[in-house]
Every structure is written in structure tokens, then in C-alpha cells.
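For reference, the structure discussed in these notes is given below.
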Amino acid sequence: MNKYQKVAYYPGCALEGTGHAYNSSTKAVGKALGLELDEVKDWNCCGAMEVKNVDPKVQTYLSSRVMAIAAHEMKAKVVMAPCNGCYHNLKKAEYDLANDEASRQTVDRISKKAGHETYQAGSLETIHALDWIKDGIGEEELKRRLKSSLKGLKVANYYGCMYTRPRHIFPEKDQGPGSESTSQPHFMDDLLAVAGAENVDFPLKTACCGGAHTLSDSDTSTQLVLNILQAAEVAGADVIATECPTCHSGLEMHQVRAEKVLGTKTKVRMLYFTQLLGVALGVSPRKLGVHENVSDGLALLKEKGIA
Amino acid sequence: MSAARGTLLARAEAVLEEWVRARGETPTQDTVETFRLLALHRQGARGVPSFNACRETCREIAYHYNLLEESGDGKPRLMMEMLVRHLELFVRGKMEVEGLGDFCCASRPVREKSLLEERTDG
């Protein structure tokens, strides 16, 4: 059995809130592909950016607790996190626990105090939803299961900045053919191309969207996002495909704000890659949560004759 | 008249020079893979790992520079302009976050003018 056939699932906080549609579409796509998700029991926040800023080692502990439950209580070998922030933090915790004695001591101390077994580096493999589908099912099998095509849809794939950075916490990337690239990520491009989408050349696919200072300096975030949206339109895209709830809601919110504050309207829509794959797999847009998106993806899919 | 590729590249270098100077260093004259922009990025990211979030933007600027003729126009030129703009916005945000100040008057928040007007009116 493929090791990604059944994985521990760590949705993270965003997928219970603004990223709800990403949660439902990820589950729907998994079901359509015969991939199983077993949600991590009693999971907690990964520490996100807030805890990291206060004390990075406490953030390492919070992420390690999620991995401890998956590895020790659920006996899982693989945990899948669809959110770039969660994925990044679990990977970083794994790296710190393997390489930093002070982090190991802190995590051990807090784990003992919290009354659970300390997570040991190397017990678990953390993957992203893109790895899960790309390596769990493969492009050939995905093609076989398609019910319709995304033909005629021009897509700019946006990975954001946390999916590949910093490079040293992703040792499985940049390993030659078949592996993901940190400078030119392509897993989302590959999957959507199989589903019939036309991927446009999009040079801002890993550029910063200003998500970190969306509250402290909204104007910069709005301008960064507007530049991404306009570049996608110049590239000829109808849709920006996303694979992170924070990036996705940032693009959607600041698209509205750009029109309001700067008077600049953009037409490009945002859809999670799981929503696009789901449509191609014959899942109804409603089950994929397309109606929950702020930008009206459904109208575009109907206009293109895809939904 | 749209800016030529050399002008855009110089603009991108000027942004990174400003970042390097704001951190109390002298901007390098070295090049990486024939581009001073990439050397400046490397210098600017030293000790600030999060500055690598603009690494690929710099590499894409270099790529688009290579795609274009000096007076080349069309989509690649427009895209290069947007990449340079992204670098400007990113560095502006970083300078504010790091407490290094504005890097030019054009980088001030877009609402500053209206806020000032509100205060004056009030």
C-alpha cells in the first residue's frame, strides 16, 4: 500500500474558519481519489506566526505536540497539512528537533509537564496536500479518474512564500526529476495540467503577498496583492489557483480592498487547487465550497462550461 | 514611453542598495551570475533569512532582463516592471517592519494623505 494512501490529517485553525472551503474540498478530492484522511485527535494550533515571535521554542513545542499525537497515539507514519503555515511549522519543528539541542530540551520539558510522550525527530513524515495527491495517487491515476476537463481555463498557480522557504527545512525538495523545486515549484501546475487547465507563465508564483503585515500595514499588503493580481492578468490568467488558506483569503480580501481604497478593479478569480481538481473529478461545486469563496469562481466556471 | 530593461534593472538595484545602506553597509559592486542585483540580494539577505522571500523575484527580474532586447516591449517588459514593483513593495514593508524607515516618499502608505487631511479637517 502507498504510504500516502491513509495519512494523519492536520487541518489547522484556518481550515476551521476562513479556509473552510479548502477543508471541504480537500476531503472531497481525497474521497474521489480513494485517499483516506484520519484527523489528528485533539490537535492544537501549530504556533503560527504569533507564538514564533514571542518564543520560537514554544512554537516548536506546539507543532511537536501535533506530531506526537499523530506518531504515538495514532501510530501514523505520515501527517498531511494543507495549510502552508502549518506545513512550514511542522517541517521547521522537525528540523529544529533534529539539529538543535536547546529545542529538544525545551520540547521535552514542556511535553513532560503536559503529560504526553515527547516527539522524537524522524518518527513522522510531514507532507503538504500537493504531495499527498501528486505522490499518493500520481498523475496517471488522476487522469484515469477525471470526469471532466478544465480545458479552456487559464490558471496562474500561486504557491506563496512558505511552501518552499527556508530551503533547509525541506530536504526532500530539489532532489532532481520527480521532486518539488524550491525555486520553481511545479506540483500544482502538474496536477492542474493533468486536469486539462492551461497553466500560464507566472513569475510571481512564490512572491510575498504581505500576509504577515496584513493587519499592521494593510496598505503594503493591498499593493503587494494588487501587483500579484495584475501580473496574473497580464499573464493571461482567468484564475489564480491557491494551496494555502492564508494566501487565498489575503488575495481575496485585498482584491476587494484594492478596489475600495485604490480604485483599482481586477477580474481574476481565486480558487483553491482542490476546488479545481474536484470539479474535474466530477464533485459538485457546492460540495467543494466554491460558493464560500469571496471572488465569484462559480460564475467563471459556468461561463467556461466547466461547472 | 515604457522604461527600458536597463532602467528597470537599475531601479531594482537601487531598491536593494537602499536596503543595504539602511542596515549600515556599503552596497556591493560584485556580481552573481553576471548580475549585480543578485549579489546585492545575497548581501541584503545576510543575517536576515526572511529577506530570501524576494530571492526568486530578483531571479525573475534577471530572467526577464535576459528575455528582453534593450527597447523590447510587450508582455515581458510589462511583467519585468511588475516584478520590480513587487521588489519595491516588499522592501518597503521589510524596512517598516525592521524599523529602518521609508526608503522613498513613494513608499509611504497610500492612505497617509487622506489621514493627514482628516486630521487637518478635524
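Residue numbers (my numbering), protein chains in the order written: chain A, 6 to 312; chain B, 304 to 425. Using N, Cα and C, we set each Cβ at its ideal position, and we do this for glycine too.
Restricting attention to A:Thr279, A:Val71, A:Glu44, the CA atom closest to the CA of phenylalanine 192 of chain A is found in A:Thr279. Chain-ordered, the chain B residues with CB closer than 8 Å to the CB of leucine 209 of chain A read Thr360, Glu363, Met385, Leu386, His389. In this structure, alanine 75 of chain A sits away from valine 63 of chain A, with a CB-CB distance that is not shorter than 8 Å. Contacts with chain B at 8 Å (Cβ-Cβ) include aspartate 222 of chain A.
Taking 8 Å as the threshold, the shortest C-beta distance from threonine 219 of chain A to chain B does not fall below it.
Listed as beta-bridge partners of phenylalanine 338 of chain B by DSSP are B:Val335.
The beta-carbon distance between glutamate 372 of chain B and leucine 386 of chain B, rounded to whole angstroms, is 17 Å. This is too long to meet the 8 Å contact definition. With contacts defined as CB atoms closer than 8 Å, tyrosine 168 of chain A and histidine 133 of chain A qualify as a contacting pair.
Per DSSP, the beta bridge partners of isoleucine 245 of chain A are A:Ala161, A:Met275. The count of Cβ pairs closer than 8 Å, one atom from the segment 351-362 of chain B and one from the segment 289-302 of chain A, stays below three, leaving the stretches out of contact. Residues of chain A whose Cβ lies closer than 8 Å to the Cβ of arginine 395 of chain B are, in chain order, Thr225. Interface annotation, proline 182 of chain A: not in contact with chain B, CB-CB separation never under 8 Å. Checking the DSSP bridge columns, you'll see tyrosine 14 of chain A partnered with A:Glu44, A:Met85. A Cβ-Cβ distance of about 19 Å is found for the pair alanine 73 of chain A and glutamate 106 of chain A, leaving them out of contact under the 8 Å criterion.
Scanning A:Ile233, A:Lys309, A:Asp224 for the CA closest to the CA of cysteine 214 of chain A turns up A:Ile233. The alpha-carbon of leucine 370 of chain B is positioned some 14 Å away from that of cysteine 361 of chain B.
Secondary structure remark: continuous beta strand (DSSP E) runs of at least 3 residues inside the segment 109-153 of chain A, in chain order: 130-132. DSSP links glutamate 203 of chain A through a beta bridge to A:Lys159. Listed along the chain, the chain A residues whose CB falls inside 8 Å of the CB of methionine 398 of chain B amount to none; the nearest CB is some 10 Å away. Note on histidine 173 of chain A: under 16 other CB atoms within 10 angstroms of its CB, so exposed under the neighbour-count rule. Under the criterion of beta carbons closer than 8 Å, valine 205 of chain A and alanine 236 of chain A do not qualify as touching, at roughly 10 Å. Under the Cβ criterion (8 Å, minimum of three pairs), the segment 386-402 of chain B counts as touching the segment 311-329 of chain B.
With a threshold of 16 other beta carbon atoms within 10 Å, glycine 24 of chain A meets it and is buried.
Between the beta-carbon of alanine 285 of chain A and that of serine 154 of chain A there is about 6 Å, and that keeps the pair under the 8 Å contact cut. Residues of the segment 333-356 of chain B with a C-beta less than 7 Å from any C-beta of chain A: Pro352, Asn355, Ala356, listed in chain order.
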